[in-house]
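Below is one structure; the comments refer to it alone.
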Amino acid sequence: MKILFTDIDEVLLAWSKSFDKFIRSEYGYNGVYIAESSQRLWELIDIPQDQIGEVMKKHSSLPSFGQLDYHNDANILNFHKNYFDKIIAITSCGNTPHIIKARNNNISEKFPDVIDEIIYLDFLQEKIDVIVKCMLENPEAQYYMIDDSVNDIKKAIEKGVKGFVYKTTFHKSGNLPTVDNLSEFFKLL
């Protein structure tokens, strides 16, 4: 049995594209596309680092949060469903009723009958506890993961998951296995 853990934002759905539009309208930002900037987000919009979480939460409360496009080549997941016995999306974008409804609608539109389960965690909560629980329930399975969170991938690899960091300008993956897109991820499996 093969089980895939996948992140949603910046792996399946183009969160930074939506967030870029949000900070341009909300904060008057007029620089380069945020996903292409080498600066940290709080530097781009000139706010204290500890306020970034609140900015991201405000973005996730908008109706447009449930209308995100595919991230890069994420639509290929629709053609690779049979590679895995189960695909579990784990997101730490929040677990409010609005976010759950928006994400469920967005995922069902973009990935019909592909994602078997979506697990919603509190905002920026680590994913390792959910991963370990699943591994205990299915000890015979082979586990794979793709996520733009370096910390989540590092912890998953430590537990025996074949994990890959989805490369972004926001995170430095160091020596961890890294991919630029889902096509590359599938070639490495």
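So the sequence shown is residues 58 to 246, counted in the working numbering.
Ideal placement from N, C-alpha and C gives every residue a C-beta, glycine not left out.
Model, not experiment: these values are computed from the prediction.
- In this structure, Asn-162 sits away from Leu-125, with a CB-CB distance that is not shorter than 8 Å.
- Residue state for Phe-62 is assigned as strand, using DSSP reduced to three classes.
- Of Pro-169, Ser-240, Phe-122 and Thr-63, the smallest CA-CA separation from Lys-78 is found for Phe-122.
- Of the candidates Asp-179, Gly-88 and Asp-209, Asp-179 places its Cα closest to the Cα of Asn-152.
- Short of 6 Å from the beta carbon of Glu-174, and not among the five residues preceding or following it, lie these beta carbons of its own chain, in chain order: Ile-145.
- Annotated three-state conformation of Tyr-140 is helix, per DSSP.
- The Cβ atoms of Leu-233 and Ile-203 do not sit closer than 8 Å to each other.
- Cα atoms of Ala-92 and Met-113: separation of roughly 15 Å, rounded to the nearest angstrom.
- The alpha carbon of Met-58 has as its nearest neighbour, out of Gln-106, Ser-75 and Gln-199, the alpha carbon of Gln-199.
- Under the three-state reduction of DSSP output, Lys-167 falls in the helix class.
- Taking C-beta separations shorter than 6 Å and ignoring five residues to either side along the sequence, the partners of Asp-142 in its chain run Met-58 and Lys-59, following chain order.
- Each residue's CA atom was taken as its position, placing Asp-186 and Asp-107 some 25 Å apart.
- In this structure, the CA atom of Val-222 is about 10 Å from the CA atom of Gly-231.
- Excluding five sequence positions before and after Thr-63, the CB atoms of its chain that fall closer than 6 Å to its own CB belong to Ala-146 and Ile-203, given in chain order.
- Within the same chain, Ile-147 and Asp-209 come within 6 Å of Lys-184 by CB-CB distance, once the 5 residues on both sides are set aside.
- In terms of Cβ geometry, Ala-213 and Ile-176 do not form a close pair [threshold 8 Å].
- Around the Cβ of Val-218, a 10 Å sphere holds 16 or more other Cβ atoms; the residue is buried.
- Taking the Cα positions, Arg-97 is about 16 Å away from Glu-111.
- In this structure, Leu-70 is the residue among Asp-205, Leu-70 and Tyr-84 with its C-alpha nearest to the C-alpha of Ile-133.
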